[in-house]
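Only one structure is covered here, and it is reproduced in the block below.
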Amino acid sequence: RAMPSRGRFGPRQRVLVVNDDGIDAPGLRAVVVALAKSFDVYVCAPAVEKSASSHAISIHAPISAEPRFVPGAARAFACGGGATPTDCAMLALDVLFADDAEKRAFDVVVSGVNRGENCGRHVVYSGTVAAAREGAMRADAVGVAVSLDSYKRDACYDHAAALCARIVETILLGEDEGATLQTLRGKVLNVNVPAETETYDSKNVKSKDAMIPLRATAVGASCTRARWVAVPDPSDPSARGGTEDGLDRKRVVSDMTRDTADASSKKARKTREGGAKKNVHLDATRLDANDAAVPLNEWQAGTRWFRNRPGSIAKDGTVGTDRCALDAGFVSVSVLEAADVWTRSDATTFARAEDIASFFRGLGADGAMIITRTLTHVLSN
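Heads up: the sequence shown is residues 19 to 399, going by this note's numbering.
Here you go:
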């Protein structure tokens, strides 16, 4: 594949931005503005939040693409109809922005900045990581998934967006004749940024401009545990909320089951009175030898509704893993193979390798050389 011009005075490189929080998410808006200083930015994102979509695609229903204005973007589309983050990446690369792909292909696909970290096993469920992975697979590009370790609605994404822009600049505009780009093609950089914005310069003076130190990491085993909550039937107009709105979980399950069983028992009696045959299958009852209706227990009868709420967090504190680095205040950068949903490298390699400590350090004139040397070491182990 011929490499396009890398000159700073040649045609501006194109960068595709996708996400799973939706096109109006502040993280996406921040990263577009940051990238637009050096690149022509194209956006394709879900019209609404589609978090935890993993690598799902839509094949049973059409999706829509509506032109939208996003500050800093050359062109932008919001995809509806249930479009997933992966759908957005695929549609953008194959159709929406393919008009001049031969002249200026997307060498980098950025996904984010996501609200909340994507460490450990979250890389399996993450729509953010999946969209970047799709870009790496489909376009042989470098996928850059960026997530902020904060779930606050008013979180500031500026420092994560600025870091992402510097990483992309190093990959595409570095003085290394494209070595970094070639090293990373078809791979994903999974970047997790601490919410803490206080950083210090070389003289240990607090500075807003100093970059948070980065660490190359292995994917750990941290994960948010599922907490299944029983909720009323969403189609029931009388239903209001679930157990998190003050309803007792056991009472909800019991009441739902009893109501369903009572209704089914009445249906069974009516059916028998009409001359039903023996051994007819009934939803909430069974017929004994004398054709008498016998209610089934609560886990055999009726339909129940549940919602998956975030539970406690199972953290992996292994030195050299993504979550460990993030908890220590570092930016975590893991290299993921696009063909693998979850790549687990040996954390010992990252914990013991001395040159890993300088990963992405400075991102100055020699930043690309540092990245290439470090990544060569990481990928060879």
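The C-beta atom is built at its ideal place from N, Cα and C for all residues, glycine as well.
For the set R133, V59, A244, the Cα lying nearest the Cα of D172 is the one of R133.
Sixteen is the threshold: when 16 or more other Cβ atoms of the shown chains lie within 10 Å of the Cβ of D105, as they do, the residue is buried.
Listed in chain order, the alpha helix (DSSP H) elements of length 4 or more contained wholly in the region 118 to 198 are 140 to 143, 145 to 157, 176 to 191.
Here the alpha carbons of T321 and G90 stand approximately 48 Å from one another. Here V36 is near S129, since their CB atoms are less than 9 Å apart.
In the structure shown, P212 adopts extended strand secondary structure according to DSSP, grouped into three states.
Here the C-alpha atom of C182 lies approximately 19 Å from the C-alpha atom of V237.
Excluding five sequence positions before and after A332, the CB atoms of its chain that fall closer than 7 Å to its own CB belong to S240, C241, R243, given in chain order. Residue pairing by DSSP places I331 opposite T242 in a beta bridge. Here I41 is buried, its C-beta having at least 16 other C-beta atoms within 10 Å. With respect to the 9 Å criterion, V206 and V162 are classified as neighbours on the basis of their beta carbons.
Note that the C-beta distance between I75 and M108 is below 9 Å. Residue burial is scored here from C-beta neighbours: P85 has fewer than 16 other C-beta atoms within 10 angstroms and is therefore classed as exposed. Excluding five sequence positions before and after G153, the CB atoms of its chain that fall closer than 6 Å to its own CB belong to A107, V127, A159, G161, given in chain order. Here V49 is not near V209, since their CB atoms are 9 Å or more apart. For the set F124, R327, A94, L53, the Cα lying nearest the Cα of A65 is the one of A94. Taken through DSSP and simplified to helix, strand or coil, G320 comes out as coil.
Counting other Cβ atoms within 10 Å of its Cβ, Y143 reaches 16 or more and is therefore classed as buried.
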